[in-house]
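In our numbering, the protein residues as written are 712 to 1448.
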């Protein structure tokens, strides 16, 4: 219901309001209507009585683009500088600025905007209009604000060529660059839609992009999701029950057991759009990419910015969030462990709880279920524990992990991250059982219905089966490439390879998605440990679990035999053939294996190569890298390093995903560095590692978590579905009732 109301609010814009459609200009001095009258009938289907309001820095091209958009829509065009300010003041804008000074100018400009009103028009704001809050609130009430986002460097070059010598805010000692950077906070506050404008993009192209962006804004019906197991005929029948982003975030798993994917695929960025992000910060890149993947009917741009700022603003120890570090030769490390729980899972799980809290209806309580092979658990617990108190009262999380299948530090961390709305349960089995059990619980309609009726509580998922978990991971793969360009390692367009330690296939799938969106990734190298089912599958097309048992390794996060997110990629290369995906996974479930057709295997191998690493080679790589560079790899990154060494052809840079901090695997690291392993507490092991002044330093978040008292307290249960369901019911009773 909540989602329907959200989408209705945007769809109202396109309803017929012909009777009320008019152009009104209420100024201190009347404006001649003949100057701006044009037929608005062709524009009506796009904007109704709403205005398209172009906003951006001076030199962004708002006036020129506005005129072109107005011509294409055959509707009135209003330039605030010429048609409002100069008409009101009876003098030029530059004369007014010189006459009254910066502060008074902003006030006078804002007052003029407050007296202005229009309908069904294209309005080009001044560069400083957004700095007057009341004025912007007034014009935004009846308009869609489109931000022409032009890189600061490009704007400075344009202003120089235009011989603009003064803008609002300029004074001795204040550079033009500083003013432009300062203004960005105001632009970000007001826009509904962002249009990226690169250096060499013409006004005609920008105008088309504006129209396309407005059409997207108006039509959320095009951005729906389907199950990987739904047939084309089922999609036609189910059109009345479309799934949108906020639905799939809430539901997690499709009713037929499949995974949600966007029906029309992911957006593709033009080369110029990616290039406009080269100098951007990580948070800015995340905002731009996620805006294109999440429709504003689900999460408006302003709310998304708030969520991203909360997730990455203060919770990461490195200001670059996901820095790229040169390791040796053509190898670079993408450091993904600077979040609060020291693994790549933080990138999604500092965001997902806030997305989830925004999207779910407030009429119901939610219990989020998670299965983890190591890193997900603490990241989920930490993320959901950071929600506002009112949200924690209606959202709780329960984390299931293999009691004897994670490192001692990982277990201590998961237990130490427990809070009033977040709990961990150790299960006497492996990760595959935990993950399968959660899937079965979600598809048990009798049980989920009972929880809803009896306790007013719905279940949700926060594993990477949830679509919202994948999107933030796309960002850091794109950002890593842009960082190499920014550092001058490669020009934009030159290819890179990526090598990723892979278990559940989510992280490497995000890299494949980044490639589809336009990042020049050549090969994605899938790195496995001794649980190398994915390596065999990518090489042969045969996914075979018969007689295969999980092997506990030094890299537990990839100790996985059933890779859930592989289903999404198979659906993609099968051109959305849900019946085929259903057939393959039914065969895997019932017979323990399946085999791809030859044509699908060839498509799979076009973008993927795979290798695996033994335990001995993993430890040897950690020792070798530390001996030559002083840098300590964690066990998962070491797996990727070994595979990268074997499979790369050294014709281009290779980015190795460093998915966790070595501090989480202290016993294995001590053994690899040939330091006498001490049978002491995890905290003591970290202090011992720290005494070697390693690079990077021991993770502060882990130290703080392990220092907390009560780390020994957690529930343990048998590998039995009925026991797990009973634990869930007890938790619901204790927290929500």
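Don't be surprised by glycine CBs; every beta carbon is placed ideally from N, CA and C. These numbers come from a predicted model, not from an experiment.
Going by beta carbon distance, what residues of the same chain come within less than 6 Å of residue 1206, once the five residues before and after it are set aside?
These residues qualify, in order along the chain: 1231, 1233, 1363.
Measure the beta-carbon distance from residue 1321 to residue 1239 and round it to whole angstroms, keeping in mind my assumption that it falls under 8 Å.
Their Cβ separation, rounded to whole angstroms, is 7 Å, which keeps residue 1321 and residue 1239 in contact under 8 Å.
CB of residue 1052 within 7 Å of CB of residue 1090, strictly:
In contact: residue 1052 and residue 1090 (Cβ atoms closer than 7 Å).
Would you mind reading off the limits of the alpha helix (DSSP H) that contains residue 1395?
Residues 1393-1401.
Between which residues of its own chain and residue 941 is the CB-CB distance below 8 Å, once the five residues before and five after are set aside?
So the qualifying residues of the chain are 949, 965, 967, 969, 1289.
Nearest to residue 986 (by Cα), restricted to the options 1387, 1264, 1189, 1403:
Nearest of 1387, 1264, 1189, 1403 to residue 986, Cα basis: 1189.
Meets three-Cβ-pair contact criterion under 8 Å: the region 886-899 and the region 789-796
No, they do not touch.
Reduced DSSP secondary structure (H/G/I, E/B, other) of residue 1012
Collapsing the DSSP output to three states places residue 1012 in a helix.
Rounded to whole angstroms, what is the Cα-Cα separation between residue 776 and residue 1046?
If you take the alpha carbons of residue 776 and residue 1046, they lie about 41 Å apart.
Assign residue 1062 to one of three DSSP states: helix, strand, or coil.
Here DSSP, grouped into helix, strand and coil, assigns residue 1062 to coil.
If you reduce the DSSP assignment to three classes, tell me which class residue 1137 lands in.
If DSSP states are grouped into helix, strand and coil, residue 1137 belongs with the strands.
To the nearest angstrom, how far is the alpha carbon of residue 1373 from that of residue 1409?
Taken atom to atom, the span from the alpha-carbon of residue 1373 to that of residue 1409 is near 8 Å.
N-terminal and C-terminal residue of the beta strand (DSSP E) that residue 854 is part of:
Run containing residue 854: 854-860, per the beta strand (DSSP E) assignment.
Residues sharing a beta bridge with residue 1342, DSSP:
Here residue 1342 is bridged, per DSSP, to 1406.
For residue 1158, report the span of its alpha helix (DSSP H) as first-last.
Run containing residue 1158: 1156-1166, per the alpha helix (DSSP H) assignment.
Residue from 908, 1217, 1212 with nearest C-alpha to residue 1243:
Ranking the options by Cα distance to residue 1243, first place goes to 1212.
Those residues which DSSP pairs with residue 906 across a bridge
Looking at the DSSP assignment, residue 906 forms a beta bridge with 859.
8 Å Cβ shell around residue 854 - same chain, five flanking residues per side excluded:
The residues 761, 762, 763, 764, 834, in chain order, have a CB closer than 8 Å to that of residue 854 in the same chain once the five nearest residues on each side in sequence are set aside.
Selected residue, minimal CA-CA separation from residue 862, among 912, 813, 850:
For residue 862, the nearest C-alpha among the options comes from 912.
Answer with buried or exposed for residue 1297, where buried requires no fewer than 16 other C-beta atoms within 10 angstroms of its C-beta.
By the beta-carbon neighbour count (other beta carbons within 10 angstroms, threshold 16), residue 1297 is exposed.
According to DSSP, is residue 1036 part of a helix, a strand, or is it coil?
Collapsing the DSSP output to three states places residue 1036 in a strand.
Please go through the same chain and pick out, in chain order, the residues whose beta-carbon is closer than 8 Å to the beta-carbon of residue 1010, but skip the five residues on each side of it.
Excluding residues up to 5 positions away in sequence, 956, 957, 1018, 1066, 1069, 1070 lie with their Cβ nearer than 8 Å to the Cβ of residue 1010 in the same chain.
Residue 1054 vs residue 1086 beta-carbon contact at 7 Å
Cβ distance < 7 Å, so residue 1054 and residue 1086 count as in contact.
Could you give the first and the last residue of the continuous beta strand (DSSP E) run that contains residue 1254?
Unbroken beta strand (DSSP E) run through residue 1254: 1253-1255.
Buried versus exposed, by CB contacts within 10 Å (16 or more), residue 1445:
By the Cβ-count criterion, residue 1445 is exposed, with fewer than 16 other Cβ atoms from all chains shown falling within 10 Å of its own Cβ.
Other residues of its chain near residue 1095: CB distance less than 6 Å, five sequence neighbours each side excluded
Counting only Cβ-Cβ distances below 6 Å, and skipping sequence neighbours, we find 1064, 1108, 1133.
Is residue 1110 helix, strand or coil by DSSP?
Reduced to three states, the DSSP call for residue 1110 is strand.
Can you tell me whether DSSP reads residue 1305 as helix, strand or coil?
In the three-state DSSP reduction, residue 1305 falls in the strand class (E or B).
Residue 934 by DSSP, collapsed to three states: which one?
Here residue 934 sits in coil by DSSP.
What's the gap between the Cα of residue 754 and the Cα of residue 918?
Low confidence applies to residue 754: its pLDDT is 43, below 50, so where it sits in the model is not reliable, and the reading given next is rough at best. In this structure, the CA atom of residue 754 is about 14 Å from the CA atom of residue 918.
Report the three-state DSSP secondary structure of residue 776 (helix, strand or coil).
Helix, per DSSP.
DSSP state of residue 1259, grouped into three classes?
Coil, per DSSP.
Here's the rule I'm using: 16 or more other beta-carbon atoms within 10 Å means buried, otherwise exposed. How should residue 1099 be labelled?
Residue environment analysis places residue 1099 among the exposed positions, since fewer than 16 neighbouring C-beta atoms fall within 10 angstroms of its C-beta.
Strand pairing of residue 762, partner residues [DSSP]:
According to DSSP, residue 762 bridges with 854.
Under 7 Å between the Cβ atoms of residue 1164 and residue 1214?
At the C-beta level, residue 1164 and residue 1214 stay beyond 7 Å of one another.
Among 1440, 1032, 937, 928, which residue has its Cα nearest to the Cα of residue 1191?
Looking at the Cα atoms, 1032 is the closest of the given residues.
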